[in-house]
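Using our numbering, count along the sequence shown one by one with no gaps and you end on 501.
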Amino acid sequence: MRITILFGGTNKERLVSVASAQALHRALPEADLWFWDVADTVHEVTSQKLLSHTRPFEDEFKPGNRGLPLEAALDKARAEDRVLVLGLHGGRAENGELQAMCELRGIPFTGSGSASSNLAFDKVAAKRFAAYAGVAAPAGVALENLDAAFAEYGRLIAKPARDGSSYGLFFVNAKQDLVAVRDAARAEEYLIEPFVAGVEATCGVLERPDGEVLSLPPIEIVPGEGTFDYTAKYLLKST
């Protein structure tokens, strides 16, 4: 079985994916490297090419060689008995579509399966599912009730239902922010909620081969300044 790190993708978070691939490659130097570009083509790249890309969060990665269409690359992965380590973020790479393509071919891959990926990637659906399990969550705000909610709560937060890495994030602190949220919500569905002040933490969960679930240590997120947006996540060393 050949280990292959698949990174890139066709969505907004593809730059973040390149940085993830660099970290994965340092831990798995023996792995092959496959880059999925915005044209839905997969390129084999060298270690030197990946690690020499010094500004992954800001600059597009350019493989510099010809590749295979995504479907053909996955067929190749199956024929060559590869396991895909998914260094991917967002869009079709995270919403279950790629995972379903791998499952249909019998290609082993890391991370959640297609059904759970699809559910978790949609913030509205994931929040509803968590509520069914008894997890407390802030009330949702319908777009048509935006003004009334702002008057009631004084501060709101709005984010795309199906984007990550803080793309399209709005902190609604003033009336003029309502205009920006409405404009953004014309292009894609938004999750809008009252702003909740408190400790922000993230906690990974690992499922072992025998089905046992292991909770990793929680990590508190403390931005050095301002809000935990794309810049604070990936560009500032003070977070």
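We put the beta carbon where it would ideally sit given N, CA and C, even for glycine.
Note that the structure is a prediction, hence the values are computed from the model and not measured.
Same chain only: Cβ atoms within 7 Å of residue i, ignoring 5 sequence neighbours per side
| i | result |
| --- | --- |
| R288 | none |
| N435 | R417 |
| T272 | V300, D302, G353, R354 |
Inter-residue CB distance, residue i and residue j (contact presumed, cutoff 8 Å)
| i | j | result |
| --- | --- | --- |
| K385 | K421 | 7 Å |
| N327 | H305 | 6 Å |
| L346 | L290 | Not a contact, Cβ separation roughly 12 Å. |
| E455 | G402 | 6 Å |
Residue i and residue j closer than 7 Å at C-beta
| i | j | result |
| --- | --- | --- |
| T266 | R390 | no |
| P400 | V441 | no |
| F319 | E356 | no |
| S477 | V467 | yes |
| S376 | A362 | yes |
| G349 | S428 | no |
First and last residue of the uninterrupted beta strand (DSSP E) at residue i
| i | result |
| --- | --- |
| S374 | No beta strand (DSSP E) contains S374, which DSSP labels as neither H nor E. |
| S477 | 475-477 |
| H305 | 303-307 |
| K421 | 418-422 |
| T266 | 264-270 |
With 16 other Cβ atoms within 10 Å as the buried cut-off, status of residue i
| i | result |
| --- | --- |
| L366 | exposed |
| G473 | exposed |
| S379 | buried |
Cut-off 8 Å between Cβ atoms - residues of its own chain near residue i, not counting five sequence neighbours on either side
| i | result |
| --- | --- |
| P480 | A463, T464, C465 |
Residue i - containing alpha helix (DSSP H), residue span
| i | result |
| --- | --- |
| T316 | Unbroken run through T316: none, as it is neither H nor E. |
| D294 | Element bounds for D294: not the alpha helix (DSSP H) but the beta strand (DSSP E), 294-298. |
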